[in-house]
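Student: For my numbering, add 11 to where a residue sits in the sequence shown, where the first one is 1. The beta carbon of each residue, even a glycine, is placed where N, CA and C say it ideally should be.
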Amino acid sequence: VPAVLDFITEKLGEKYVTPPPFDLAGSYADSNNLSPLIFILSPGADPGSTLYKFAEEKNRDIASISLGQGQGPKAEKLMDKAREEGTWVLLQNCHLATSWMPKLDRILEEMDPKKTSPSFRLWLTSYPSNKFPVAILQNGVKMTNEPPKGLRANMTGSYYMDPLPKEEFFEGCTNEPVFKRFIFNLCFFHAVIQERRLFGPLGWNIQYEFTENDLRISARQLQMFLDDYPGEVPVAALNYLTGECNYGGRVTEAMDRRLISTLLKAYYSLEAVEEDFVIFNAGEDGPVYRPPPLGNHAAHLEHIASLPLITPPGVFGFHENANLTKEMGETYTMMNELLLTASQGGSSGGAGPRE
12 VPAVLDFITE
22 KLGEKYVTPP
32 PFDLAGSYAD
42 SNNLSPLIFI
52 LSPGADPGST
62 LYKFAEEKNR
72 DIASISLGQG
82 QGPKAEKLMD
92 KAREEGTWVL
102 LQNCHLATSW
112 MPKLDRILEE
122 MDPKKTSPSF
132 RLWLTSYPSN
142 KFPVAILQNG
152 VKMTNEPPKG
162 LRANMTGSYY
172 MDPLPKEEFF
182 EGCTNEPVFK
192 RFIFNLCFFH
202 AVIQERRLFG
212 PLGWNIQYEF
222 TENDLRISAR
232 QLQMFLDDYP
242 GEVPVAALNY
252 LTGECNYGGR
262 VTEAMDRRLI
272 STLLKAYYSL
282 EAVEEDFVIF
292 NAGEDGPVYR
302 PPPLGNHAAH
312 LEHIASLPLI
322 TPPGVFGFHE
332 NANLTKEMGE
342 TYTMMNELLL
352 TASQGGSSGG
362 AGPRE
């Protein structure tokens, strides 16, 4: 996979291997009142908070319901009301209501444009499912918000996550130098623990779904504690809340809990406030990872953009040999997905996808 990234970068440019920030407004602009907007869910992604914030910006009321057994009639009532009033409806976890989805397909097919408010929007969330009606997929606007692969892309996505881009939040802490240093370290930690999942059992004994909400609440708590304790840096409290409660709350295995607390202490420490603090030094001609100098949000993004595209395994706490497990897994996944795109037709018989 790194060789493929290098090849594309050399031939086409780096922008073709750098995932763009999630653009909900652009997807909304492509939609209308008769076509649903579909979030295809993936582990570690939570579009709900982003959608609620977007609805607030658009001054739209949004009613939501999590689908499951017996929730179909309630969802229909919400849709009928929203179509008349011009509000939005969010139907979550459609993959859990596969028996009701054909009925939703009929409802959407029979919707009358004259009786549907132009501002009405139907939002759906679902994990990939072969029971999902094809007609809804074809007529809808499809979106996915996967955690970006790679440390640099992951951190860029974190810095675009609410509330970090807001000036009143990023510049509003009374202890500005420590806050900006720890915010960078927190986003770095968030990227590290997500990227460790790619190393299989070497990374985590259980594949945990760390989400943006874990990062969001940790960032808000960081600002709150630094404002409440102006004369000190409450490292112990921050480590406990972030490592044991916010992220650790979803960690069930004892060794994984110890690991996540140990990793966090490298980023939330008094040493991390020092000017010469280095997160990781690859040695010899390798890259050196250190926090950015004191600056605004744009300066932090510029510093993140200067990080290497391919991250050495030592950043995640691994030996070089551990990279073999990750890269073999990524290569198998990439090749399997390429085979799925190959034509299943043809006159030659006998050979399957593996051949």
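(1) For residue 143, which residues of its own chain have a beta-carbon under 8 Å away from its beta-carbon, when the five flanking residues on both sides are left out?
(2) Using three-state DSSP, classify residue 322 as helix, strand or coil.
(3) I'd like to confirm the pairing. Which residues does DSSP put opposite residue 300 in its beta bridges?
(4) My output table needs one value for residue 359: the three-state DSSP class, helix, strand or coil.
(5) Which residues does DSSP pair with residue 200 in a beta bridge?
(6) Report buried or exposed for residue 169, applying the criterion of at least 16 other Cβ atoms within 10 angstroms of its Cβ.
(7) So what's residue 50 in DSSP terms, helix, strand or just coil?
(8) When the Cα atoms are used, what is the spatial distance from residue 244 to residue 253?
(9) Less than 8 Å separating the beta-carbons of residue 277 and residue 323?
(10) I'd like to know if the region 148–161 and the region 286–306 are in contact, where contact means that at least 3 CB-CB pairs between them fall below 8 Å.
(11) Could you give the residue range of the alpha helix (DSSP H) that holds residue 115?
(12) Thinking C-alpha only, which one of 184, 197, 188 is nearest residue 167?
(13) Quick one: what does DSSP say residue 244 is sitting in, helix, strand or coil?
(14) Taking the Cβ atom as the reference point for each residue, do residue 272 and residue 259 lie within a distance shorter than 8 Å?
(15) So if DSSP puts residue 134 in a beta bridge, which residue, or which two residues, is it bridged to?
(16) How many whole angstroms separate the CB atoms of residue 250 and residue 275, which I take to be in contact at a CB cut-off of 8 Å?
(17) Would DSSP call residue 74 helix, strand or coil?
Tutor: Judging by the given coordinates:
(1) In the sequence shown, the residue the question calls residue 143 occupies position 132. Answer for residue 143: 105, 106, 109, 112, 137, listed in chain order.
(2) On the sequence shown, residue 322 is found 311 positions in, with the first residue counted as 1. If DSSP states are grouped into helix, strand and coil, residue 322 belongs with coil.
(3) Along the sequence shown, read from residue 1 onward, the residue named residue 300 stands at position 289. 291.
(4) Walking along the sequence shown from the start, residue 359 turns up at place 348. Caution is warranted here: a pLDDT of 47 is assigned to residue 359, below 50, making its placement in the model unreliable, and no coordinate value can be reported.
(5) Looking up residue 200 in the sequence shown gives position 189. Partner(s): none; residue 200 has no beta bridge.
(6) One-based indexing of the sequence shown puts residue 169 at position 158. By the 10 Å Cβ count, residue 169 comes out buried.
(7) As a first step, residue 50 is located in the sequence shown; it is residue number 39 there, counting from the start. Three-state DSSP puts residue 50 in a strand.
(8) Numbered from its first residue, the sequence shown carries residue 244 at position 233. Numbered from its first residue, the sequence shown carries residue 253 at position 242. In a straight line, the C-alpha of residue 244 is about 15 Å away from that of residue 253.
(9) Sequence index remark: in the sequence shown, residue 277 carries index 266 (1-based). Sequence index remark: in the sequence shown, residue 323 carries index 312 (1-based). Contact: no.
(10) no
(11) For this step, residue 115 is matched to residue 104 along the sequence shown. First-last of the alpha helix (DSSP H) with residue 115: 112–120.
(12) Residue mapping note: residue 167 aligns to position 156 of the sequence shown, counting from 1. For residue 167, the nearest C-alpha among the options comes from 197.
(13) The sequence position of residue 244 within the sequence shown is 233, counting from 1. In the structure shown, residue 244 sits in coil (DSSP, three-state: anything other than H, G, I, E or B).
(14) The sequence position of residue 272 within the sequence shown is 261, counting from 1. The sequence position of residue 259 within the sequence shown is 248, counting from 1. In this structure, residue 259 lies closer than 8 Å to residue 272 by Cβ.
(15) Here the question's residue 134 lines up with position 123 in the sequence shown. Per DSSP, 48, 101.
(16) Position 239 of the sequence shown holds residue 250. Position 264 of the sequence shown holds residue 275. Yes, residue 250 and residue 275 are in contact; Cβ-Cβ is about 6 Å, under 8 Å.
(17) Counting from one through the sequence shown, the residue named residue 74 turns up at place 63. Here residue 74 sits in strand by DSSP.
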